[in-house]
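Peer 1:
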Amino acid sequence: MQEFIERTEIIFSELGYDVFDREHNEDMFQASFGKNGKFDGSFFIEKESNFIEFAYTYTFDNDEERFLRDHLESMLDICYEYGCYFNILKADGEIHFSVFTKIYFSGFNLESLSDTLEDFTACIQELAITFDLEEEEEEENRHLDSEDGFGL
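To convert, take the position in the sequence shown, counting from 1, and add 4; that gives the numbering used here.
1) His100 bridges to which residues according to DSSP?
2) Taking Phe37 as the reference, give the member of Asp22, Asp81, Ile133 and Lys51 with the closest Cα.
3) Which class does Met32 belong to by DSSP, given the choice of helix, strand or coil?
4) Going by Cα to Cα distance, which pick from Gly45, Leu131 and Phe64 is closest to Tyr84?
5) Cutting at 8 Å between CB atoms, please list the residues of its own chain near Cys126, excluding the five before and the five after it.
6) Assign Arg108 to one of three DSSP states: helix, strand, or coil.
7) Put Glu52 into one of helix, strand or coil per three-state DSSP.
8) So the alpha helix (DSSP H) Glu13 belongs to, where does it begin and stop?
9) Between the region 11 to 25 and the region 37 to 46, do three or more beta carbon pairs fall short of 8 Å?
10) Figure out for me which residue from Ile82, Glu57, Phe48 and Asn113 has the closest Cα to the Cα of Glu30.
11) Quick check: the region 54 to 69 against the region 99 to 108, are at least 3 beta-carbon pairs closer than 8 Å?
See the structure below:
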């Protein structure tokens with residue numbers, strides 16, 4: 005596993021990414037990665053697996069559940085378009101929407117990591133645009149409420 009971790013960090017470096025916030029034990033390695041001081045995601049390498057997995061998590065308040073339900077199909081389409089998948093977890097008054105992708109060790113090289121990260125970050129960016137729509141809708145609703153005399 006250590007050899008694969010070192011190889012992964014070298015390839016990230018060759019692509020211009022910084023690897024930080026490393027956590028390592030005998031069964032798993034995880035770290036964050038980004039460019040130009042920007043967080044782009046995290047990756048995980050487990051001792052007993054055959055792949056490296058990438059993840060990015062958005063966190064929402066429970067009161068944003070309706071928006072997520074209304075946009076779930078488009079979020080699924082975005083993830084599918086870029087070869088990603090997601091899960092949703094509700095816990096502690098929050099909703100966690102996590103996006104994942106992976107590369108199998110057997111096909112891991114500079115080109116495969118570059119292509120995978122390009123798709124992964126494009127997916128994250130397109131989802132962020134979708135989530136920005138929610139903020140715009142909330143702002144518009146607050147504005148309409150205040151015009152009607154029902155706002156704060």
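Glycine included, each C-beta is placed from N, C-alpha and C at the ideal position. Bear in mind that the values here come from a model prediction, so they are computed numbers and not experimental data.
Peer 2: On the basis of the data shown:
1) On the sequence shown, residue 100 is found 96 positions in, with the first residue counted as 1. Answer is Thr63 and Leu93, bridged to His100.
2) Stepping through the sequence shown from its first residue, residue 37 is reached at position 33. Residue Asp22 is the option with its Cα nearest to Phe37.
3) Counted from its first residue, the sequence shown places residue 32 at position 28. Strand, per DSSP.
4) By one-based count along the sequence shown, residue 84 stands at place 80. Per the Cα distances, Leu131.
5) On the sequence shown, residue 126 is found 122 positions in, with the first residue counted as 1. Per the sequence shown, the amino acid found at residue 126 is Ala instead of Cys. The residues are Tyr86.
6) Your numbering for residue 108 matches position 104 in the sequence shown. Sequence inspection shows Tyr at residue 108; the Arg mentioned does not correspond to that position. It is a strand residue.
7) In the sequence shown, residue 52 corresponds to position 48, counting from 1. Glu52: coil per DSSP, three-state reduction.
8) Counted from its first residue, the sequence shown places residue 13 at position 9. For Glu13, the enclosing alpha helix (DSSP H) begins and ends at Gln6 to Glu18.
9) Segments in contact, yes.
10) The residue given as residue 30 occupies position 26 in the sequence shown. Per the C-alpha coordinates, the member of Ile82, Glu57, Phe48 and Asn113 positioned closest to Glu30 is Phe48.
11) Inter-segment contact for the region 99 to 108 and the region 54 to 69 is present: three or more beta-carbon pairs are separated by less than 8 Å.
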